[in-house]
Every structure is written in structure tokens, then in C-alpha cells.
Amino acid sequence: MRKFKAESKKLLDMMVNSIYTNKEIFLRELISNASDSLDKLYVTSLENKDNTITRGDLKIKVAVDKDARTLTISDNGIGMTAEELEKNLGTIAHSGSLDFKNSEDKDLEKVDIIGQFGVGFYSSFMVADHVEVISKAYGSDTANKWESDGVEGFTVSEAQRDERGTDVILHIREDDDDSSFDRYLNINAIRNLVKRYSDYIRYPIQGDIEKSRELPKPEDAGDDYTPQYEHYTETETFNSMIPIWTKKKSEVTDEELNEFYKDHFHDSDDPLCTISLHAEGTVSYDALLFVPKNPPVDLYSKDFKRGVALYSNNVMIMEKCEDLLPDCFGFVRGVVDSPDLNLNISRELLQHDRQLKAIEHRIEKKVKAELEKLLKDEREKYEDFFGKFGHGFKYAIYNTFGAQKSLLEDLLLFYSAKFEKPITLSEYLDNMKNDQEEIYYAYGDTVNRLSKSPNVTSALAKDFDVLLCPDNIDEFCLMSIGEYNEKKFHNVSDEALDFGSEEEKEEAKKSDEDNSALFETMKGALGDEVTKVVTSTRLTDAACCITADGPVSLGMEKYLKNFPDAQDKPEAKHILEINPKHAIFETLKNAQAADDTEKIETYAKILYDQALLAEGLDIADPAAYSEAILSLMK
Numbered sequence: 010m011r012k013f014k015a016e017s018k019k020l021l022d023m024m025v026n027s028i029y030t031n032k033e034i035f036l037r038e039l040i041s042n043a044s045d046s047l048d049k050l051y052v053t054s055l056e057n058k059d060n061t062i063t064r065g066d067l068k069i070k071v072a073v074d075k076d077a078r079t080l081t082i083s084d085n086g087i088g089m090t091a092e093e094l095e096k097n098l099g100t101i102a103h104s105g106s107l108d109f110k111n112s113e114d115k116d117l118e119k120v121d122i123i124g125q126f127g128v129g130f131y132s133s134f135m136v137a138d139h140v141e142v143i144s145k146a147y148g149s150d151t152a153n154k155w156e157s158d159g160v161e162g163f164t165v166s167e168a169q170r171d172e173r174g175t176d177v178i179l180h181i182r183e184d185d186d187d188s189s190f191d192r193y194l195n196i197n198a199i200r201n202l203v204k205r206y207s208d209y210i211r212y213p214i215q216g217d218i219e220k221s222r223e224l225p226k227p228e229d230a231g232d233d234y235t236p237q238y239e240h241y242t243e244t245e246t247f248n249s250m251i252p253i254w255t256k257k258k259s260e261v262t263d264e265e266l267n268e269f270y271k272d273h274f275h276d277s278d279d280p281l282c283t284i285s286l287h288a289e290g291t292v293s294y295d296a297l298l299f300v301p302k303n304p305p306v307d308l309y310s311k312d313f314k315r316g317v318a319l320y321s322n323n324v325m326i327m328e329k330c331e332d333l334l335p336d337c338f339g340f341v342r343g344v345v346d347s348p349d350l351n352l353n354i355s356r357e358l359l360q361h362d363r364q365l366k367a368i369e370h371r372i373e374k375k376v377k378a379e380l381e382k383l384l385k386d387e388r389e390k391y392e393d394f395f396g397k398f399g400h401g402f403k404y405a406i407y408n409t410f411g412a413q414k415s416l417l418e419d420l421l422l423f424y425s426a427k428f429e430k431p432i433t434l435s436e437y438l439d440n441m442k443n444d445q446e447e448i449y450y451a452y453g454d455t456v457n458r459l460s461k462s463p464n465v466t467s468a469l470a471k472d473f474d475v476l477l478c479p480d481n482i483d484e485f486c487l488m489s490i491g492e493y494n495e496k497k498f499h500n501v502s503d504e505a506l507d508f509g510s511e512e513e514k515e516e517a518k519k520s521d522e523d524n525s526a527l528f529e530t531m532k533g534a535l536g537d538e539v540t541k542v543v544t545s546t547r548l549t550d551a552a553c554c555i556t557a558d559g560p561v562s563l564g565m566e567k568y569l570k571n572f573p574d575a576q577d578k579p580e581a582k583h584i585l586e587i588n589p590k591h592a593i594f595e596t597l598k599n600a601q602a603a604d605d606t607e608k609i610e611t612y613a614k615i616l617y618d619q620a621l622l623a624e625g626l627d628i629a630d631p632a633a634y635s636e637a638i639l640s641l642m643k
């Protein structure tokens with residue numbers, strides 16, 4: 010027995026038990042090695058002007074022998090001599106593929122060699138306790154066998170193989186308490202692994218599948234005839250070979266794209282839109298991305314895992330690579346395939362590098378551009394999309410403290426109180442009054458309730474549009490954006506917002522002075538519920554309204570009350586504004602003139618509770634409010 014040249018059993022144990030986190034990866038590695046062998050043969054045949062070898066003749070075969078407990082991966086590629094077996098397989102982490110790639114004639118047709126690290130073969134020992142490699146090199150008359158149990162060393166001896174190429178024979182381990190190895194002796198399970206990890210290897214990967222068919226019923230068979238079946242094997246090609254994402258969008262039909270999406274990403278609906286990317290240069294890659302029509306049920310749950318499938322030279326590296334998508338576009342599905350990524354030696358994890366960042370940046374821009382196109386050309390479809398996915402855009406802006414606002418702010422929709430439909434921030438600016446300096450919004454329960462809020466109706470009466478924001482993240486999102494095209498956002502329930510003319514402001518100031526005793530009595534009746542009672546310059550029809558003084562708005566106060574376990578929840582400082590043009594104001598003044606304090610206090614409480622209800626806020630004592638109304642009715 011020859012000892013492993015490079016390192017000890019400890020190193021081999023590390024390769025098998027530490028580098029690979031998923032045992033089934035071994036099949037991907039061995040098929041990739043077989044594909045490399047076929048590539049090397051093809052390139053060598055071009056060098057030698059050997060017309061007897063064509064791509065169409067090259068293939069990979071997988072076979073299972075349950076009785077012998079063996080899984081064999083065969084190819085008719087370039088094969089290896091005895092010296093190459095010892096060099097490539099006897100030296101851990103030596104890569105024959107890398108040697109070949111480095112010595113490749115630059116004038117030859119470029120062929121992507123997958124294996125570069127030389128450790129993939131040793132993943133075999135994760136599932137096998139003994140491995141044989143029988144190989145016959147291109148142009149050689151003899152075959153040789155390398156075998157090892159992966160402990161101390163290996164042997165190389167002469168063997169029999171009729172044609173050039175290589176057989177890797179794995180003697181599959183027995184099941185133990187931690188792992189089930191028997192599944193690697195099931196050809197259907199092997200077929201599924203090929204489809205998952207190696208579906209787009211450029212050469213056919215074939216296996217014999219056991220099948221059965223019912224025999225024709227004999228003419229003289231009676232009614233009690235039992236159907237008879239014939240069992241046979243049929244060679245199937247397990248992989249698709251030609252990845253759809255390498256084709257230009259013009260070369261693929263919408264039906265093909267839709268079927269690929271539904272089949273690979275398990276969606277019953279066609280995608281909303283498809284994005285195809287092809288880049289060559291410093292970083293080369295192909296990408297095929299899909300925006301789904303409907304969100305997955307767990308999109309906003311902590312268990313949702315975003316990311317696109319990452320391939321390198323048609324071999325799947327990661328099923329969901331999170332680093333290729335920002336959180337806000339986490340709903341996007343698809344495939345990215347690049348030969349230029351720096352992979353670690355197990356081909357499982359990415360080294361974070363500029364190539365990856367460049368691809369991510371390009372995908373981010375392309376997804377945004379596609380959504381902007383949908384917004385412009387197919388508004389109804391976009392509005393439906395935003396209704397399902399828009400919450401994530403708003404949350405991303407808030408969660409990044411506004412860092413993603415430049416990416417997302419033009420994709421946002423808010424309901425316009427004036428036009429009664431969703432509009433963009435840009436569209437709001439296009440319809441602003443010439444002298445308007447801010448973007449007005451209202452935050453609360455529902456669009457219907459917000460549209461009837463006295464603060465909103467007062468703004469509309471002054472011909473100011475108001476963005477109605479019923480989503481609990483809306484106000485936090487707008488605060489994180491700060492300003493849009495140099496226009497700041499302003500909540501219409503803010504006490505500091507004054508739509509009144511200079512004349513109206515002067516009249517309100519005089520009214521506050523003239524009715525200071527009345528307002529003081531009302532403030533006394535409401536206690537700490539309000540900070541003050543004042544004459545309003547904003548109201549038109551409503552008798553009163555509540556505004557908020559300070560950073561906590563009325564809507565934000567209600568949102569924070571949804572967290573009953575939270576301590577020291579901030580509350581808005583309420584201000585009760587009275588409409589001086591409403592008949593109720595004259596009633597209040599008459600009560601003050603008659604020194605009817607009880608009546609003023611009752612009215613103050615009723616008006617305050619009505620204002621709370623109009624804003625969608627809870628009243629402290631519904632029973633007392635009801636009794637006060639009934640007493641007036643009597």
C-alpha cells in the first residue's frame with residue numbers, strides 16, 4: 010500500500026467531515042469531475058486533430074448495484090494513466106483540472122473546467138467506506154485501478170477496461186444511527202440528486218430505470234383474468250443539459266419561461282414579469298430572474314429565506330444565495346450562473362468579493378428598472394403588485410434608517426385623498442399647489458376612516474392633497490425618507506400645521522383671548538387628556554378636531570398602543586381645536602355667559618370623545634360618553 014503523499018488521516022478526516030456540510034454533495038462533485046474529464050478529452054482531440062471524437066459521443070453514466078452495495082459513476086472522457094491516478098488521487102488537494110486549465114492553449118476554444126481544488130473526489134468517503142477508480146487513458150492500451158478505504162493510503166494496480174474513460178465505484182456504507190446511506194442505492198433518488206445539483210452539466214447523465222408495462226389481455230381470457238406485467242429497464246437521460254438562462258430572452262418563448270419558473274420555484278401562477286441578464290467582461294454571468302405574481306405565505310415571517318439559486322459553470326453551488334439580493338427584493342426568484350466567482354474549496358460557500366458585489370448591484374438596478382417599467386406601462390398590474398409586496402419596500406426604508414430610500418422611494422404608492430386612487434410621490438409633486446412647500450399625509454386605521462377625518466377634510470377644503478397612510482409602517486417610512494425632492498413630509502394632525510390665512514390666524518388669536526375663560530373651563534374638565542383647548546384655523550365643517558403637539562402623532566400613538574407589554578409607551582400631546590364658525594361654538598359661549606360650568610364640562614367631554622372617534626382612537630369611558638349623549642337627547 011502506498012501512503013497518501015500529502016497529508017495524514019487527520020487531513021482526510023477534515024476534508025470529509027468538516028468541509029462539506031451536506032453529504033449528498035458528493036454526487037455533484039463526482040459528476041463535475043466526470044464532466045471535466047469529457048471537456049479535457051474534447052480539447053485534447055482538437056489539439057490532435059482527432060476527428061473520431063465529437064461532443065455528441067461524450068456522456069456520463071450512473072449505475073446502482075443494490076446487492077453489491079455499489080454506486081458507479083462512469084465517463085468516456087480522457088481517463089488517467091497509473092501515474093496520473095497516483096498524482097491526482099494519491100495527493101490530497103492536488104487538482105489535475107487546475108493543471109490542465111493552466112496549461113491550456115489559449116488559441117483553443119475556451120472550455121470551462123469546473124474542478125480546481127482537487128478535494129471534491131474525497132467527498133466520496135462521506136458515503137463510502139471503500140472507493141475504486143478504474144481508468145483507461147486516451148491513447149493508452151492499458152487500464153489501471155486506484156483503490157482506498159480513505160484511512161492511510163491507496164493501491165494502484167493494472168485492471169481491465171475496454172474503452173477509454175473512468176469508473177468511480179463507491180462501496181456505500183451501511184446505515185447508522187446518524188445517517189441513512191441506503192438511499193444512495195436507489196436509482197430514482199440518484200436521478201433526483203442529479204436534477205437538483207447537476208441538471209445543467211453540458212453532457213448527458215444517464216441511468217437505467219426499472220419500468221413495467223401491462224401485457225395485452227389474451228383473447229381467450231375470462232372475466233377473472235388478472236393483468237400481467239412485463240418488467241424491463243430503460244436508459245434515461247436525467248439532466249436537461251442546456252440551461253434556459255444562457256439563452257437570450259428573444260430565443261425563449263414566454264411559455265417556456267413560465268413553465269421553467271413554475272417547475273423550479275413551485276408556484277402555480279405564471280410570474281408577473283421575467284428579467285434576463287447576460288454580462289461579459291470583468292465579471293461574466295447569466296441571470297434569469299422572476300417577479301412572482303403573489304407573495305409566498307411566509308414572506309413577512311422570520312422563517313422566510315430569500316435568495317436566488319447560484320450556479321458556477323452550470324453546477325449548482327447554493328440553492329438560495331442571499332448575497333445577490335437586497336432584503337427589499339427578497340421575493341425575487343431565479344438563477345445566477347457565473348464562472349468568475351471565488352469559491353471556497355468545498356464549492357459550498359462564497360468568498361465575499363467584488364465580483365459578487367458587482368452582480369448584486371446589477372441585479373438590484375435591473376429589478377428596479379423592471380418594476381418602474383411595470384409602473385409606467387401597466388399601472389393596474391403594478392398597483393396589484395404593490396398592494397401585495399409594497400409593505401416590504403416601506404419596511405426596508407425604515408429598517409435601514411433611510412439608506413435604501415434612493416432605491417425604493419420612486420416605487421412607493423400612497424392613496425390620494427384628492428384623486429381617490431394610489432399615486433407615487435412624484436405624481437403628488439406634479440399636482441401640488443404652486444405655493445405648497447410640504448407633502449401632507451394622514452396616518453391611521455383605514456383609507457375610508459382617514460378620508461373622513463376632520464384634519465384631512467380641512468386640508469382638502471383648502472385644495473391640498475393628503476396621502477392617506479393606513480399601513481402601520483407608513484409614517485415610520487415617511488419619517489425615514491425625510492424629504493422627497495426637497496419637500497418635507499408633514500402630518501396633517503400636527504398642531505404646528507396651519508392652513509389659515511393671516512387674517513384667520515389673527516381672528517383665532519383674538520378668539521383665544523376673548524374665550525380664555527371658556528377654554529380654561531373645558532381644559533379643566535378634560536384634565537391631562539389635553540394640553541390645551543384653542544380656536545381652530547383649519548376646520549371648515551367639523552365642530553372640532555384633535556391635533557398633536559410634538560414628535561408623536563395621533564396615528565403613531567394608536568400604533569404603539571397595539572403593544573400591550575411595552576412599558577412607558579410615548580403618547581401624543583392632544584390639543585382640542587374648536588371650529589369658531591360652527592354652531593356648537595355659540596352654544597359653548599352662551600353656556601359660559603350663563604356661568605353654566607356643568608354644561609360646558611359635559612360638552613367638552615362629548616366633543617373630545619367625538620374628536621377621538623373621528624381619528625380612530627379609543628375613548629377612555631364609552632359608557633360615560635353614551636350617558637352624556639343620552640342626557641342631551643332627554
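Numbering-wise (the numbering used here), the sequence shown opens with residue 10 and increments by one.
Don't be surprised by glycine CBs; every beta carbon is placed ideally from N, CA and C.
Only buried fits residue 619, as 16 or more other CB atoms lie within 10 angstroms of its CB. Here residue 497 carries a strand assignment [DSSP, helix/strand/coil]. Across the structure, residue 630 and residue 586 are spaced so that their CA atoms are roughly 21 angstroms apart. Of all C-beta pairs linking the stretch 155-171 to the stretch 60-73, fewer than three are shorter than 8 angstroms, placing the two stretches out of contact. Within the DSSP bridge table, the entry for residue 157 names 140 as partners. Of all alpha-carbon atoms in 554, 472, 479 and 483, the one lying nearest the alpha-carbon of residue 405 is that of 483. Under DSSP, the beta-bridge partners assigned to residue 238 are 223. In this structure residue 250 does not touch residue 175 by the C-beta definition: roughly 20 angstroms separates them, more than the 8 angstroms allowed. Scanning its chain for C-beta atoms nearer than 7 angstroms, with the 5 sequence neighbours on each side dropped, one finds around residue 637 the residues 611, 614 and 615, in chain order.
Taken in chain order, the complete beta strand (DSSP E) segments of 3 residues or longer contained in the stretch 249-299 are 282-288.
For residue 338, the secondary structure class from DSSP, reduced to helix, strand or coil, is helix. In this structure the stretch 472-492 lies against the stretch 419-432, because at least three pairs of beta carbons, one per stretch, are closer than 8 angstroms.
Counting C-beta pairs closer than 8 angstroms gives three or more between the stretch 447-454 and the stretch 500-513, which meets the contact rule.
For residue 529, the closest alpha carbon among the candidates 516, 515 and 544 is that of 544. With three or more CB-CB distances shorter than 8 angstroms, the stretch 251-259 counts as touching the stretch 284-291. The Cβ atoms of residue 584 and residue 555 sit closer than 9 angstroms to each other.
If you check the CB distance, residue 143 and residue 78 do not come in under 9 angstroms. Here residue 162 is not near residue 138, since their CB atoms are 9 angstroms or more apart.
The stretch 400-420 and the stretch 373-392 touch, with three or more beta-carbon pairs separated by less than 8 angstroms.
Contact annotation: the stretch 386-405 touches the stretch 296-313, with at least three C-beta pairs closer than 8 angstroms.
In the three-state scheme derived from DSSP, where H, G and I count as helix and E and B as strand, residue 180 is classed as strand. Taking C-beta atoms as the reference points, residue 222 and residue 234 fail to come closer than 9 angstroms. Within a 10 Å sphere around the beta-carbon of residue 642 sit fewer than 16 other beta-carbons, which makes this residue exposed. In this structure, residue 507 and residue 514 form a Cβ contact; the two beta carbons are roughly 7 angstroms apart against a cut-off of 8 angstroms. A straight line joining the alpha-carbon of residue 263 with that of residue 272 spans about 14 angstroms. In this structure residue 282 does not touch residue 194 by the C-beta definition: roughly 44 angstroms separates them, more than the 8 angstroms allowed.
A straight line joining the alpha-carbon of residue 350 with that of residue 308 spans about 29 angstroms.
Cβ-Cβ separation between residue 603 and residue 581: approximately 34 angstroms, too far for a contact (criterion under 8 angstroms). The residue among 546, 534, 498 and 537 with its C-alpha nearest the C-alpha of residue 517 is 546.
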